[in-house]
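Note sheet for the following structure.
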Amino acid sequence: MLDGDPCSITENILVKPGKGQAFNRVKVKNLKTGRTLERTFKTTESVEAADVEDIDVEFLYTDGEYWHFMEPQTFEQHAADSIAVGDAAKWIKGQEACVMTLWDGAPLSITPPNFVELAVIQTDPGLKGDTAQGGSKPATLETGTEVKVPLFIDEGDVLKIDTRNGEYVSRA
Amino acid sequence: MSESWQPAAGREIMQLRARMLKHIRAFFDQRGVLEVETPLLSSSSTTDPHLSSFSTRYLQQNLYLNTSPEYCMKRLLAAHGDAIFQICKSFRDDELGPVHNPEFTLLEWYRPGFDMFELMDELGELVQMLAANSGLDHSIQKISYADAYWQAAGINPHITSADECLNCALQHGIDKPVGLEDDVDEWLDWLLTQLVMPTFPADSFTFIYGYPQSQSSLAKLYKDRHGHTVAARFELLYGEIELANGFDELLDSNEQRQRFEHENSRRVALGLSSSVIDEALLKALQHGLPACSGVALGLDRLLMMLARVDTLERVIAFPFSRI
Chain L
21 MLDGDPCSIT ENILVKPGKG QAFNRVKVKN LKTGRTLERT FKTTESVEAA
71 DVEDIDVEFL YTDGEYWHFM EPQTFEQHAA DSIAVGDAAK WIKGQEACVM
121 TLWDGAPLSI TPPNFVELAV IQTDPGLKGD TAQGGSKPAT LETGTEVKVP
171 LFIDEGDVLK IDTRNGEYVS RA
Chain A
284 MSESWQPAAG REIMQLRARM LKHIRAFFDQ RGVLEVETPL LSSSSTTDPH
334 LSSFSTRYLQ QNLYLNTSPE YCMKRLLAAH GDAIFQICKS FRDDELGPVH
384 NPEFTLLEWY RPGFDMFELM DELGELVQML AANSGLDHSI QKISYADAYW
434 QAAGINPHIT SADECLNCAL QHGIDKPVGL EDDVDEWLDW LLTQLVMPTF
484 PADSFTFIYG YPQSQSSLAK LYKDRHGHTV AARFELLYGE IELANGFDEL
534 LDSNEQRQRF EHENSRRVAL GLSSSVIDEA LLKALQHGLP ACSGVALGLD
584 RLLMMLARVD TLERVIAFPF SRI
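Each protein sequence line maps, in turn, to chains L and A. In this text, residue positions in the first sequence follow the working numbering: the first is 21, and each later residue adds one. In this text, residue positions in the second sequence follow the working numbering: the first is 284, and each later residue adds one.
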């Protein structure tokens, strides 16, 4: 816990003069905002541990205000608001296996699968002869998200998308 | 890439390590310094509040792993008076990072009749010989703790305050660590690593000597040319990496006991357990230690420098991550 927010340590460097006081230069990721910050502590300092855990969930549906997920083993359901879902909302339509991070038992963030398969619902037809030039055009996916795709993609095609950078990978 | 059962350091590094050890032994053999062995297990632990000993046991008896072989080597000095050296493992709990491994190799030696500057010269000759054998040519500079601080930070470390250190940090864009408040020594340690050491030339050796009295540990005290009482303690660095720490050794058993007790009270104030004081060392000092200087050199870090790599993992066959 740092400044009231749960954080995960991404890097921890020991700074220690031979016979002197040791310090830890710590890089942490704020799990609420996703921002990375750097802080130094005397080695003897302690901070409150955040009660954070990751669970595997399946995305069920959204009612517009909440996104509903279920733990496949126990069928227990969790409702996450738009802040917790964040960018994951751009890539999930239902039945995807996601990781939900809980803080004090409440949804803190959602990590979608690295790759998802989504259908194109709208894109302009590619112009003839353009395929060889490797150009791209916008396409709208069934989740409403717009991605850049090659010119040969048509409406109705199902695409494989890398959710970590939002880029088109291939036709599914 | 490589599997975790395999060594982290390659064959060439192992060969370089073996060559380094051979050259060190030849260096001391030529100078008539006797190689000795002392136990790694000890019934006492270090009182230094900044070090933490591993503890273990023999049946019901509590024992500790040495953080350095210093105390037993001083008992040998008190008994025989010979110049001695030792290459051994030392252990420090809670020290792990790119240049820290909880178990590491130390070369420690003691020179009766040498003052701090004579021992610095001998250490300089040793590391330059080893560097030359690896085809490296490194210069050595010597600077007092006070001069190094003055040049890098504009602070006189022997009379500074926590407030002045804080202002200095702010001026130089250095953050204030959480938990660092009004302890001047802690501030000096912090600014030393963040502001002073980065001014040392990257590819050469630097000696710093004449530490603040409050950081004297097992060193004698003396008056520097400005009249400040300072510790006859030195360190050797390569770039910003500390390789060695040495003392013109304290001989007075009463003062040594007071320093142990003072360190123990600091441990308690910091919420650490107080350590078992080494009575055998105090008895040896009472019997009489010849005037001498001693130094401990971290051989894994020295090997890092010789091999031109920047983490200990590359020079230790099985570092902590693979045991």
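From the three backbone atoms N, C-alpha and C, an ideal C-beta is built for every residue, glycine too.
For Pro-26/L and Lys-113/L, the rounded distance between their alpha carbons = As a first step, residue 113/L is located in the first sequence; it is residue number 93 there, counting from the start. As a first step, residue 26/L is located in the first sequence; it is residue number 6 there, counting from the start. C-alpha separation (whole angstroms): 28 angstroms.
message = I need the DSSP call for Tyr-86/L, collapsed to helix, strand or coil.
response = Numbered from its first residue, the first sequence carries residue 86/L at position 66. Coil.
request  = Please classify Met-284/A: is it buried, with 16 or more other beta-carbons within 10 angstroms of its beta-carbon, or exposed?
outcome  = Reading the second sequence from its first residue, position 1 is the one you call residue 284/A. With a pLDDT of only 44 at Met-284/A, under the threshold of 50, the placement of this residue in the model should not be trusted; the figure read from the coordinates follows. Exposed, since its Cβ has fewer than 16 Cβ neighbours within 10 Å.
query = DSSP on Leu-463/A, reduced to helix/strand/coil?
reply = Residue numbering aside, residue 463/A sits at position 180 when the second sequence is read from its first letter. Under the three-state reduction of DSSP output, Leu-463/A falls in the coil class, being neither helix nor strand.
message = Short of 9 angstroms Cβ to Cβ, which residues in the segment 31–52 of chain L face chain A?
response = Within the segment 31–52 of chain L, the qualifying residues are Asn-32, Ile-33, Leu-34, Val-35, Lys-36, Pro-37, Gly-38, Lys-39, Gly-40, Gln-41, Ala-42, Phe-43, Asn-44 and Arg-45.
query = Listing by chain order, which chain A residues have their CB less than 7 angstroms from the CB of Phe-61/L?
reply = Looking up residue 61/L in the first sequence gives position 41. Neighbours of Phe-61/L across chain A, judged by C-beta separation under 7 angstroms: Pro-460, Val-461 and Gly-462.
query = Can Ala-139/L and Leu-161/L be called in contact, C-beta distance under 8 angstroms?
reply = Here residue 139/L corresponds to residue number 119 of the first sequence, with the count starting at 1. Here residue 161/L corresponds to residue number 141 of the first sequence, with the count starting at 1. Yes; because the gap between Cβ atoms is below 8 angstroms, this pair is in contact.
query = Looking at the structure shown, is Ala-429/A part of a helix, part of a strand, or coil, going by DSSP?
reply = Here the question's residue 429/A lines up with position 146 in the second sequence. Residue state for Ala-429/A is assigned as helix, using DSSP reduced to three classes.
task = Kindly give me the distance between the Cβ atoms of Val-35/L and Thr-476/A, rounded to whole angstroms, as I take these residues to be in contact under 8 angstroms.
result = Working through the first sequence from its first residue, we reach residue 35/L at position 15. Working through the second sequence from its first residue, we reach residue 476/A at position 193. At roughly 5 angstroms, the Cβ-Cβ gap stays under 8 angstroms, so Val-35/L and Thr-476/A are in contact.
request  = Mind listing the chain B neighbours of Glu-65/L? Cutoff is C-beta to C-beta under 7 angstroms, in chain order.
outcome  = Within the model displayed, chain B is absent; protein chains L and A are what it includes.
Where Thr-30/L falls, given that 16 or more other Cβ within 10 Å makes a residue buried = Here residue 30/L refers to the residue found at position 10 of the first sequence. In the assembly as shown, Thr-30/L is an exposed residue. Its beta-carbon has fewer than 16 other beta-carbons within 10 Å.
request  = Please name the residues in the segment 492–518 of chain A whose beta-carbon is closer than 9 angstroms to at least one beta-carbon of chain L, in chain order.
outcome  = Listed by position, the residues of the segment 492–518 of chain A near chain L (Cβ gap below 9 angstroms) are Tyr-494, Gln-498, Ser-500, Arg-516 and Glu-518.
inquiry  = Could you check whether the segment 390–398 of chain A touches the segment 591–599 of chain A, counting it as contact only if at least three pairs of C-beta atoms, one from each stretch, sit closer than 8 angstroms?
reply    = The segment 390–398 of chain A is not in contact with the segment 591–599 of chain A.
request  = Quick one: give me the first and last residue of the alpha helix (DSSP H) that Phe-543/A is part of.
outcome  = The residue you call residue 543/A lines up with position 260 of the second sequence. First-last of the alpha helix (DSSP H) with Phe-543/A: 536–552.
key: Coarse secondary structure for Pro-481/A, derived from DSSP in three states   = The sequence position of residue 481/A within the second sequence is 198, counting from 1. Per DSSP, reduced to three states, the secondary structure at Pro-481/A is helical.
DSSP-derived helix/strand/coil call for Ala-600/A = Within the second sequence, the letter at position 317 stands for residue 600/A. Residue state, collapsed to three classes: coil.
ask   = Considering Asn-450/A, what are the terminal residues of the beta strand (DSSP E) in which it resides?
value = Here residue 450/A is taken as the residue at index 167 of the second sequence, counted from 1. In the DSSP assignment, Asn-450/A falls outside any beta strand (DSSP E) and within the unbroken alpha helix (DSSP H) covering 445–454.
query = Which residues bound the alpha helix (DSSP H) around Asn-407/A?
reply = One-based indexing of the second sequence puts residue 407/A at position 124. Here the sequence assigns Gly to residue 407/A, which means Asn is not the residue at that position. Looking at the DSSP string, the run of the alpha helix (DSSP H) that includes Gly-407/A is 399–416.
message = Is there a C-beta anywhere in chain L that falls below 8 angstroms from the one on Gly-571/A?
response = One-based indexing of the second sequence puts residue 571/A at position 288. In terms of beta-carbon proximity, Gly-571/A stays away from the interface with chain L, with every pair separated by 8 angstroms or more.
ask   = Hey, out of Gln-97/L, Ala-117/L, Pro-92/L and Asn-32/L, whose CA is closest to Gly-125/L's CA?
value = The residue given as residue 125/L occupies position 105 in the first sequence. Relative to the Cα of Gly-125/L, the nearest Cα in the group Gln-97/L, Ala-117/L, Pro-92/L and Asn-32/L belongs to Gln-97/L.
message = When you compare the segment 103–111 of chain L with the segment 60–67 of chain L, are there three or more beta-carbon pairs, one atom per stretch, that lie closer than 8 angstroms?
response = No, they do not touch.
inquiry  = Along the chain, where does the alpha helix (DSSP H) containing Glu-562/A start, and where does it finish?
reply    = Within the second sequence, the letter at position 279 stands for residue 562/A. Where Glu-562/A is concerned, the enclosing alpha helix (DSSP H) stretches over 562–570.
Nearest-angstrom Cα separation, counted from Ile-173/L out to Ile-33/L = Position 13 of the first sequence, counted from the start, is the residue given in the question as residue 33/L. Position 153 of the first sequence, counted from the start, is the residue given in the question as residue 173/L. One Cα belongs to Ile-33/L, the other to Ile-173/L, and the distance between them is close to 48 angstroms.
query = If you drop the 5 nearest sequence neighbours on each side, which residues of the same chain put their C-beta closer than 7 angstroms to that of Asp-398/A?
reply = As a working mapping, residue 398/A is identified with position 115 in the second sequence. Contacts found: Asp-531 and Ser-576.
query = If you draw a straight line from the C-alpha of Arg-294/A to the C-alpha of Ala-445/A, how long is it?
reply = The residue you call residue 294/A lines up with position 11 of the second sequence. The residue you call residue 445/A lines up with position 162 of the second sequence. If you draw a straight line from the Cα of Arg-294/A to the Cα of Ala-445/A, it comes to about 49 angstroms.
inquiry  = Let's test the definition: count the other Cβ atoms within 10 Å of the Cβ of Gly-38/L and tell me whether it reaches 16, buried, or not, exposed.
reply    = To locate residue 38/L, count along the first sequence from 1; it is residue 18. Burial call: buried.
task = Check Glu-68/L in the structure and name its three-state DSSP category.
result = The count along the first sequence starts at 1 and reaches residue 68/L at position 48. Glu-68/L: coil per DSSP, three-state reduction.
message = Let me confirm a value: Arg-340/A is counted as buried when at least 16 other C-beta atoms fall within 10 Å, else exposed. Which label applies?
response = By 1-based counting over the second sequence, the position of residue 340/A is 57. Arg-340/A counts as exposed, since fewer than 16 other beta carbons sit within 10 angstroms of its beta carbon.
inquiry  = Is there a Cβ of chain L sitting closer than 8 angstroms to that of Asn-349/A, yes or no?
reply    = What you label residue 349/A is simply residue 66 of the second sequence in a count that begins at 1. Interface annotation, Asn-349/A: not in contact with chain L, CB-CB separation never under 8 angstroms.
query = What is the DSSP secondary structure of Gly-186/L, reduced to helix, strand or coil?
reply = The sequence position of residue 186/L within the first sequence is 166, counting from 1. The three-state reading of DSSP puts Gly-186/L in coil, since its state is none of H, G, I, E or B.
key: Proximal residues to Asp-535/A (C-beta, below 8 angstroms), its chain only, five neighbours per side dropped   = Counting from one through the second sequence, the residue named residue 535/A turns up at place 252. Around Asp-535/A: Leu-568.
ask   = Rounded C-beta distance between Leu-580/A and Leu-360/A? I'm assuming under 8 angstroms.
value = By one-based count along the second sequence, residue 580/A stands at place 297. By one-based count along the second sequence, residue 360/A stands at place 77. No, Leu-580/A and Leu-360/A are not in contact; Cβ-Cβ is about 18 angstroms, not under 8 angstroms.
ask   = By DSSP, does Lys-113/L sit in helix, in strand, or in coil?
value = Translated into the one-based positions of the first sequence, residue 113/L becomes position 93. Assigned with DSSP and collapsed to three states, Lys-113/L falls in coil, not helix or strand.
task = Using a Cβ cut-off of 9 angstroms, pull out every chain L residue sitting near Asp-312/A, in sequence order please.
result = Here residue 312/A refers to the residue found at position 29 of the second sequence. Result: empty, since nearest Cβ-Cβ is about 28 angstroms, beyond 9 angstroms.
message = Just list the residues that DSSP pairs Phe-310/A with in beta bridges.
response = Taking the first residue of the second sequence as 1, we reach residue 310/A at position 27. According to DSSP, Phe-310/A bridges with nothing at all.
query = Which one or two residues does DSSP pair with Glu-378/A in a beta bridge?
reply = On the second sequence, residue 378/A is found 95 positions in, with the first residue counted as 1. Looking at the DSSP assignment, Glu-378/A forms no beta bridge with any residue, so it has no partner.
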